[in-house]
Every structure is written in C-alpha cells, then in structure tokens.
Amino acid sequence: MKSITVENLLGNHKSYTQVTGDEEALKRVIQTGEINRPGFELAGFFKHSDFRRIIVFGDKEMAFIAEMSEERQKEIFPCLINEEVPCIVICKGHECPKVLKDVANERNFPIFQTELITGAVSSELMNTLEEKLAKDTLMHGVFLNIHGKGVIIKGDSGIGKSEIALELVKRGHLLVADDAVELYRVGQKIVGKAPAVLANLLEIRGIGVIDVSKMFGISAILDKNDVDLIIQLERWVPSREYTRVGVEENDISEDVLGIKIPKIVVPVSSGRSMSVIIEAAVMNMRLRDVGIDSSKEFVERILKNIDHNKQES
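Here's what the structure looks like:
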C-alpha cells in the first residue's frame with residue numbers, strides 16, 4: 001500500500017502552521033485519502049472510526065469542544081490522538097484548545113492550524129492525497145497535449161516518436177513527457193506526467209537532449225495531463241491489412257490501471273507526415289466526442305448510393 005508522511009503533505013506548506021510535535025512527529029504515515037470530521041468521536045462514540053484519516057476541526061467541532069468540560073476533554077482527546085491518526089488540522093484560525101495541545105505535546109503528536117476555511121482544507125487535502133496515493137505505473141512513449149487531448153505515442157525504439165513530438169511541439173502542441181510517462185489513476189481518469197529527472201526534456205537522435213521549455217518557451221510544456229488516447233506506431237508491413245474506412249477498429253482500447261483508454265494503430269512509412277496524421281486522428285476523436293463520426297457517415301453514404309443504384313436499375 002502506498003503512503004506518504006505528514007511532513008511530505010504539510011511540513012513545508014505555507015498555509016499550515018505546526019503548533020505541536022517535533023520533526024519526528026512529522027514522520028507519521030498517511031495511507032488513506034479520506035479525512036475525518038470527528039462529530040461522533042467528540043461525543044464519545046468511537047465504534048467504526050477509521051483512525052488512519054487526518055482529523056479536521058472546523059467551526060462546528062470547535063463550538064462543540066467549547067461546550068465540553070475540561071474533564072470530558074481529558075477523556076476524549078487521548079482517544080483521538082493515538083498511534084494511527086496522522087495529524088489534526090484546525091481551520092479558520094481557531095486556537096488549539098489547551099487540553100488538546102497538552103495531550104498532543106505529551107505524545108509528540110502533530111497539530112496544524114490554518115486560516116483557510118474548512119471546505120477548502122478538506123478539498124485540498126483529499127485531492128492532494130488522492131493524487132499522491134493513487135495507483136501508478138510507467139509507460140514508455142511520448143506524451144503530449146494535442147488540441148486539448150492527452151495523447152501517448154507508443155512504438156518500437158527508433159521508430160521516430162521523439163522526432164514526431166518535436167514536430168508537434170513546433171506546430172503549437174504541448175509536451176508533457178518524453179521516453180517515459182508516469183501514469184496514475186485519479187477516480188475514473190488516468191493522469192500522466194514526466195519523471196522529475198526527464199521533465200521538459202526531449203531526446204532527438206543525432207542531436208541529443210533538448211530543453212523544450214527553453215527552446216520553445218514555458219508555454220510549450222505541461223506538468224501533467226489526463227490521458228485520452230493512445231496511438232501505437234508500427235512499421236508498415238505491406239502484407240498486413242490496415243483499416244482504411246475506420247469503422248473496423250473504433251473499439252480498440254488499452255487497459256491502464258483498470259481504465260480503458262481508446263487506442264489507434266498507425267503504420268509508419270517513408271513519405272507519410274506522421275505529425276499531421278496524428279493531429280487528424282485527435283481531431284477525428286474530438287468530432288466523435290460531439291457525435292460526428294466521419295467513418296460511419298462515409299459508410300452510410302455508400303449504402304445510400306447502393307440503394308439508389310438498385311432503385312434505378
């Protein structure tokens with residue numbers, strides 16, 4: 001199971017101030033992307049509580065705590081601050097209650113304060129944790145944003161993926177990753193990014209490594225993008241039948257971390273402008289997204305023509 005530490009999540013975050021615990025406390029592990037608004041727990045009901053979650057205190061929790069006697073706080077807070085709970089975040093500038101602070105310091109437990117509203121804190125924590133704890137994998141290929149779609153171009157080594165990517169960047173599209181793409185699942189989407197060591201770089205055989213952000217400007221790159229389409233390049237085999245009409249292979253897909261990503265197989269041969277072909281494939285996909293399928297329209301046109309000829313004969 002993937003995990004991160006409290007330090008990696010909040011340790012250097014400017015919006016959160018640590019009020020209890022030392023550096024050792026920040027080594028506590030977070031294994032779930034869910035958070036806990038501890039209404040029942042503050043009332044003393046701990047059955048079914050998931051202590052792996054970050055605890056968030058907002059206005060309601062702080063108002064409830066203000067109504068608790070000091071003796072009751074001393075009963076409840078030690079149950080909240082245990083070995084499983086990663087940390088507590090107190091929102092909207094509320095001060096940490098003295099009893100809670102004393103228990104946290106005694107157990108070297110991290111509590112953070114923030115001026116942010118509770119809803120913003122909850123959303124930010126869950127979104128960040130979902131990304132950092134997501135299932136991931138590595139795919140070899142080039143990843144670009146083409147006409148607003150995230151496209152991974154795959155193929156054998158030396159087939160020209162990076163050269164095609166360079167041409168596409170020159171044509172105004174955005175590079176996300178070259179050679180290796182880190183993929184992770186967020187909900188029902190697959191998101192891709194470049195490994196840190198390869199960010200912004202493109203390797204061109206015979207030239208070497210170029211920094212796309214410096215050569216074409218920072219607007220030519222993206223840190224990450226959703227994956228919408230996989231294009232598989234393969235060397236042209238004269239004896240193989242390739243789709244010409246486009247209705248035969250509409251349902252090809254590739255499973256990535258449990259999500260099926262549409263896939264197109266494109267043959268590569270001399271004289272074919274691959275960058276233009278890939279642009280056309282992406283635009284065709286966008287048309288299908290809005291209900292326009294050129295392949296089906298072509299087949300329907302042929303069938304109508306056949307029926308018309310039959311009627312005339």
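When you number the sequence shown by full-length UniProt numbering, it's gap-free, plus one each residue, and the end is 313.
Even for Gly, the Cβ is constructed at its ideal location relative to N, Cα and C.
Computed from a predicted structure; not experimentally measured.
- Contact between F112 and Q18 holds: their C-beta atoms lie close to 6 Å from each other, under 8 Å.
- Residue state for E234 is assigned as strand, using DSSP reduced to three classes.
- Excluding the 5 residues flanking it on each side, D255 has no same chain C-beta neighbour closer than 6 Å.
- Taking the Cα of N82 as reference, the smallest distance to any Cα among Q73, A104 and K74 is reached at A104.
- Under the DSSP definition of a beta bridge, D255 partners with K260.
- The three-state reading of DSSP puts D289 in helix, counting H, G and I together.
- Note: M139 is bridge-paired with V181 in the DSSP secondary-structure output.
- The beta carbon of V268 sits closer than 8 Å to the beta carbons of G155, I159, G160, L233, E234, R235, W236 and M274 from its chain, once the five residues preceding and following it are set aside; these are given in chain order.
- Take I204, set aside five residues on each side of it, and the residues of its chain with a beta-carbon closer than 8 Å to its own are S162, E163, L166 and I210, in chain order.
- Contact annotation: K92 and E124 have beta-carbon atoms that are not nearer than 8 Å.
- In this structure, the beta-carbon distance from L174 to L144 falls below 8 Å.
- Counted as a single uninterrupted DSSP element, the beta strand (DSSP E) harbouring G192 occupies residues K189 to K193.
- In terms of CA proximity to E23, N8 leads the group N8, E34 and T32.
- The three-state reading of DSSP puts Q73 in helix, counting H, G and I together.
- The shortest C-alpha to C-alpha distance from K193 to any of G208, V176, G187 and C87 is the one to V176.
- According to DSSP, residue pairing for E203 in a beta bridge involves V209.
- D59 places its beta carbon 8 Å or farther from that of N36.
- For K154, the uninterrupted beta strand (DSSP E) segment begins and ends at K149 to G155.
- In the three-state scheme derived from DSSP, where H, G and I count as helix and E and B as strand, I88 is classed as strand.
- Rounded to the nearest angstrom, the gap between the Cα atoms of V85 and P38 is 12 Å.
- With fewer than 16 other CB atoms across the displayed protein chains lying within 10 angstroms of its CB, I292 is exposed.
- Given a length threshold of 3 residues, each whole run of the beta strand (DSSP E) inside the UniProt domain "HPr(Ser) kinase/phosphorylase N-terminal" (4-129) is given here in chain order: 17-20, 54-57, 88-90 and 111-113.
- Using a Cβ distance threshold of 8 Å, V169 and V212 count as a contacting pair.
- Across the structure, T32 and G206 are spaced so that their CA atoms are roughly 46 Å apart.
- Put simply, the backbone Cα of A280 is about 21 Å away from that of I221.
- DSSP places K161 in no beta strand (DSSP E) but in the uninterrupted alpha helix (DSSP H) bounded by K161 to K170.
- Distance from V151 to I231 at the Cβ level is roughly 6 Å; contact confirmed, criterion being Cβ atoms closer than 8 Å.
- Straight-line spacing of the CA atoms in H147 and V282 works out to 7 Å.
- Membership of D223 in any beta strand (DSSP E) is not indicated, and neither H nor E is assigned to it by DSSP.
- In the structure shown, L198 adopts helical secondary structure according to DSSP, grouped into three states.
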